[in-house]
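Okay, so here's the structure we're looking at.
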Amino acid sequence: MSIKSDKWIRKMAEAHGMIEPFEAGQVRDGATGKRVSHGTSSYGYDIRCSNEFKIFTNINSAVVDPKNFSSSSFVDITSEVCIIPPNSFALARSVEYFRIPRSVLVICLGKSTYARCGIIVNVTPLEPEWEGHITLEFSNTTPLPAKIYANEGVAQLLFLESDEECETSYKDRAGKYQGQRGVTLPIT
Numbered sequence: 686m687s688i689k690s691d692k693w694i695r696k697m698a699e700a701h702g703m704i705e706p707f708e709a710g711q712v713r714d715g716a717t718g719k720r721v722s723h724g725t726s727s728y729g730y731d732i733r734c735s736n737e738f739k740i741f742t743n744i745n746s747a748v749v750d751p752k753n754f755s756s757s758s759f760v761d762i763t764s765e766v767c768i769i770p771p772n773s774f775a776l777a778r779s780v781e782y783f784r785i786p787r788s789v790l791v792i793c794l795g796k797s798t799y800a801r802c803g804i805i806v807n808v809t810p811l812e813p814e815w816e817g818h819i820t821l822e823f824s825n826t827t828p829l830p831a832k833i834y835a836n837e838g839v840a841q842l843l844f845l846e847s848d849e850e851c852e853t854s855y856k857d858r859a860g861k862y863q864g865q866r867g868v869t870l871p872i873t
């Protein structure tokens, strides 16, 4: 396996629709001059989160059960800013839609700007031939409310390409999160 460079990412995005919408370079400054960067970097791609958020709440005193997760445990908001309560989390989705090639595995890591504020981004690997919007989980590890900004960079994807294609891809297995759009809760 080898990690792929900006040149490979641009080629795959532009020729094969691997990332849509796609930003060929790094976007750093917005109207205010303060913006968390997104787009193609040296060896990865910095994704943005949309303005659709699901904020975890305990108003119903529910038990967190991945086999029977209640959507009533979330408050849905559409906003340019999401405030995550202390020691809680929120779900969002990537602005970008992905089509992962059969010989590629993608690993997602949070951006240092958020990590340095105690905000952890968690995303499972994007498997070969998976496609969809990425569901992003933001954990606020601090005792204070934390902000997430929509349409700005939140995490970096690293693309690993194997020298051979996998025997069985996510698409072949008919994975339950294939083709997801919007923020997707656990599916059993």
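Sequence positions in the sequence shown follow this note's numbering and run 686 to 873. Ideal Cβ positions, reconstructed from N, Cα and C, are used throughout, including at glycine. The model shown is predicted, which means the values in this text are computed figures rather than measured ones.
| Item | Value |
| --- | --- |
| Give me the DSSP bridge partner(s) of E705. | Y782 |
| Give a yes or no on whether 8 Å exceeds the smallest Cβ distance from V808 to chain C. | No chain C is part of this structure, which consists of one protein chain only. |
| So the candidates are R720, R778 and E812; which of them puts its Cα closest to the Cα of C851? | E812 |
| If distances are taken between C-alpha atoms only, which option among D761, E814 and L843 comes closest to R858? | E814 |
| For a quick check, are the C-beta atoms of I833 and C734 less than 8 Å apart? | yes |
| For the 8 Å Cβ check, are there 3 or more pairs between the stretch 782–794 and the stretch 840–856? | yes |
| Mapping the DSSP letters down to three states, classify Q719 as helix, strand or coil. | The sequence shown places Lys at residue 719, not Gln. Coil. |
| Would you mind sorting A800 into buried or exposed? The rule is 16 or more other CB atoms within 10 Å of its CB. | exposed |
| Cα separation between G729 and A840? | 10 Å |
| Kindly indicate which three-state DSSP category R695 falls into: helix, strand or coil? | helix |
| Going straight from the alpha carbon of G795 to that of G838, what length do you get? | 9 Å |
| Which stretch, first to last residue, makes up the alpha helix (DSSP H) that contains T853? | From DSSP, T853 is part of no alpha helix (DSSP H); its letter is neither H nor E. |
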